[in-house]
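Residue numbers (the numbering used here): 142 to 715.
Have a look at this one:
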C-alpha cells in the first residue's frame, strides 16, 4: 500500500508541476511538449527523483491510447473547409513525402551510425512522420493563425501520415528480425491500411453520430462514450488490418462536424483529455530515456537531425507539392514545421519490443532528434511565420459560445457572450447606439452576477457581459462590433490586408478608375476574384496575395466555392 501511495503521490506531483510549467513555457515561447519531456527526464532514473522505468510494453500501451485521444480531438476540430482546401497536398505529403524522408534519412543514418542499409532505413522510417500532437499543441499554445491552406496542409498531413510510417517501420522490423524479403507487397499493405482505416473511421463516425441522436443518455455520458468509442475503433481497425490512427482521426472529423447538440460537452472534455494525454505521454517518454545512453550516439544523432530538418524534409516537401503550385515561402514554412514529437519515439519502441540487437540505439537516436526538432523548429515557428509573412490577423471571437443545436432550425443558432473591458469599443454605449447589418437579438447584460433585461437599455460598463442571440454564420460579423479587441484587430487587419477593401465582383476597369494600372494584355473586364483565381489555378484562401502592377491584392474573405468575395488593396512601394 505504501508503494502504491508513493507512486500516486509522485505521479500527481509530476502532473501538477507540468501544468504549472506551461506558464513558464508560454512566457519563454518554448514548446510545452519539450517542457514535459524535460520534467520526465528530471524525474527519471538519472534525474533528481530517480524513478526507474524501463518497460517498453507499458510505454507503448500508454502512448498508443494517448495518441488515439489526441488524434480524435484534432479530427473533431478540423473543419470541412480545411479538407476542401488541403486534402490533396496533405495526402501527397503523407505518402510520397514520408517515403522520400525515410529514404534520405535512412541513407544518412546508415553512414553516420555505421549501420546496414536496412537498419538505416528502419531508423528513417521511425523518423519519417510528423507529429499531430506537436503541430496541434504548438499552433494552439502560440495562438498562431497562418494562411488557411498552409495550416490545413500541416494539420491534415500530421494527422494522416502515421499509417505510412507505421507500415514502413513494421515491414522493416519484420525483414530484420524474421528475414522476410522486402517486396512490393508493402504497397498493397499500405493500401489495405488506408482503405480499411478510412472505412472503419467513416462507419464508426456515422454510428456514433446516430447513437448521439437516438440514445436518451445524460449529456455527461456522451464525452465518456466518445472516449470509449474512439479507443474501441482504434483497436478494432488494427484487428482488421487497417490504420487505427487514420480511423480515429476520420471518426473525430465526422463527429465534430455533425452539428450534434452534445458536441460542446464532448469538445470541452476532450480538450482537457488531449492535454492530459500529451502531458502523460511525454512525461512517460522522459522517464523511459536514460540520459547517459544518449551520449553514446549524441553526435551522429545531432547530425542526423540536421539532415532531417535541412535536407530530407525540404526535398520531400518540394517534390510532394510540385503539382499544387504552392508559393516558395509556403513550401519553406511547411518544410520548417515538420515537427517530430511522440510518434517517432513510440515507433522506436517497435525494435525494442521485437528484441532486435541494439534496440536502445533506435530509441535514443529518435529521442535526440525529437528534442532537436522541438527546440529548433518548435521554438521558431512564430518568428518564421512572421518573417515569411504567412501570419494572418486572428479572427475576432466571442468570449463564450453556447450553441442551440437542440432547437430545430434551418440555421444553427448561438448565444454569444462578450466581456466589456476598459478598452472595449462599446464601452459607455447602449444597444440602440450599435449598428448591425446582420440579424441579432440583444438578450441583456450580466452585471455583478445580475441579469439586466434588454428593456432597461443599460449603458455598457467595464466588467459587463453582453449576451446576444444570432445565427452561427453571422458570429464573426457580430464579433467585429462587440469583441473587446475589435479596435486593435481593425488596425492589425488594415496593416495586413490594406486600408481599402473592395468586393471581389468589381472589374479591373472599375479598379482602374481609382488607380492608374498598367494592364498589359490583361482582360480589363475580368473581376478581381477571377483575376486572383486565374493566377492561382485553385481555390483561394484568406491571406493569398497577388500583385497587379503596383497594387498588392490580398484575399480577405472567400465564399464556399473558394472565390474571393472581399479583397484588400495596398499600394506597393517602388
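Even for Gly, the Cβ is constructed at its ideal location relative to N, Cα and C.
Residue i - containing beta strand (DSSP E), residue span
i, result
"residue 559", "554-560"
"residue 687", "686-689"
"residue 683", "Taken as a continuous stretch (DSSP letters only), residue 683 belongs to no beta strand (DSSP E), as it is neither H nor E."
"residue 525", "Residue 525 -> not in any beta strand (DSSP E); alpha helix (DSSP H) instead, spanning 522-528."
"residue 611", "606-612"
"residue 641", "641-644"
"residue 176", "Taken as a continuous stretch (DSSP letters only), residue 176 belongs to no beta strand (DSSP E), being part of the alpha helix (DSSP H) at 173-184."
"residue 542", "541-544"
Straight-line Cα distance separating residue j from residue i
i, j, result
"residue 266", "residue 709", "44 Å"
"residue 598", "residue 572", "7 Å"
"residue 512", "residue 446", "9 Å"
"residue 292", "residue 175", "22 Å"
"residue 679", "residue 268", "32 Å"
"residue 313", "residue 336", "22 Å"
"residue 454", "residue 296", "16 Å"
"residue 587", "residue 606", "5 Å"
"residue 457", "residue 499", "29 Å"
"residue 502", "residue 148", "29 Å"
"residue 400", "residue 367", "15 Å"
"residue 632", "residue 638", "Low local confidence applies: a pLDDT of 45 at residue 632 is under 50, so the model's placement there is unreliable, and no value is given."
"residue 201", "residue 241", "26 Å"
"residue 351", "residue 302", "29 Å"
"residue 165", "residue 567", "34 Å"
"residue 375", "residue 560", "41 Å"
"residue 701", "residue 223", "12 Å"
"residue 625", "residue 617", "13 Å"
"residue 473", "residue 663", "30 Å"
"residue 181", "residue 344", "38 Å"
"residue 692", "residue 333", "50 Å"
Continuous alpha helix (DSSP H) stretch holding residue i: start and end
i, result
"residue 236", "Note, residue 236: premise wrong, no alpha helix (DSSP H); not H, not E."
"residue 296", "289-301"
"residue 217", "197-217"
"residue 621", "616-623"
"residue 443", "439-448"
"residue 531", "Careful: residue 531 lies outside any alpha helix (DSSP H) and carries neither H nor E."
"residue 503", "500-513"
"residue 566", "Where residue 566 is concerned, there is no enclosing alpha helix (DSSP H), given that its DSSP letter is neither H nor E."
"residue 475", "469-477"
"residue 454", "454-461"
Proximity of residue i and residue j at Cβ, strictly below 9 Å
i, j, result
"residue 613", "residue 707", "no"
"residue 243", "residue 306", "yes"
"residue 689", "residue 647", "no"
"residue 85", "residue 713", "Residue numbering for the chain in the displayed model covers 142 to 715; residue 85 lies beyond these limits and cannot be assessed."
"residue 585", "residue 594", "yes"
"residue 310", "residue 491", "yes"
"residue 619", "residue 581", "yes"
"residue 531", "residue 234", "no"
"residue 465", "residue 304", "no"
"residue 705", "residue 685", "yes"
"residue 557", "residue 539", "yes"
"residue 432", "residue 185", "yes"
"residue 286", "residue 536", "yes"
"residue 316", "residue 270", "no"
"residue 505", "residue 437", "yes"
"residue 237", "residue 460", "yes"
"residue 219", "residue 300", "yes"
"residue 674", "residue 681", "yes"
"residue 386", "residue 341", "no"
"residue 423", "residue 178", "yes"
"residue 542", "residue 570", "no"
Residues bridged to residue i [DSSP beta-bridge criterion]
i, result
"residue 705", "699"
"residue 712", "692"
"residue 593", "586"
"residue 422", "Partner(s): none; residue 422 has no beta bridge."
"residue 232", "According to DSSP, residue 232 bridges with nothing at all."
"residue 668", "648"
"residue 600", "571"
"residue 581", "611"
Residue i CB to nearest heavy atom of the ligand SAM below 8 Å
i, result
"residue 297", "As presented, the structure is devoid of all ligands, the ligand SAM included, so that no description of it is given."
Short CB-CB distance (under 9 Å) between residue i and chain C
i, result
"residue 246", "Of the protein chains in the structure, only one exists, and it is not chain C."
### Task
Answer yes if the region 239-257 comes into contact with the region 417-434, meaning at least three C-beta pairs across the two stretches below 8 Å, and no otherwise.
Short answer: they don't touch.
### Task
Decide if the region 190-197 is in contact with the region 433-444; the criterion is three or more beta carbon pairs, one per stretch, under 8 Å apart.
Taking 8 Å as the limit for Cβ pairs, the verdict is that the region 433-444 does not touch the region 190-197.
### Task
Determine contact between the region 474-481 and the region 390-409, defined as no fewer than three beta-carbon pairs at a distance below 8 Å.
A contact is defined here as three or more CB-CB pairs under 8 Å, and the region 474-481 fails this definition with respect to the region 390-409.
### Query
Taking one C-beta from the region 199-217 and one from the region 413-421 each time, how about it: are there three or more such pairs within less than 8 Å?
Cβ pair count under 8 Å is three or more, so yes.
### Sufficient close CB pairs (3 or more, under 8 Å) joining the region 502-522 to the region 449-465
Counting C-beta pairs with one atom in each stretch, the region 502-522 and the region 449-465 have three or more that are closer than 8 Å, which means they touch.
### the region 213-233 contacting the region 399-411, beta-carbon criterion three pairs below 8 Å
Here the region 213-233 makes contact with the region 399-411; the two share three or more CB pairs at distances below 8 Å.
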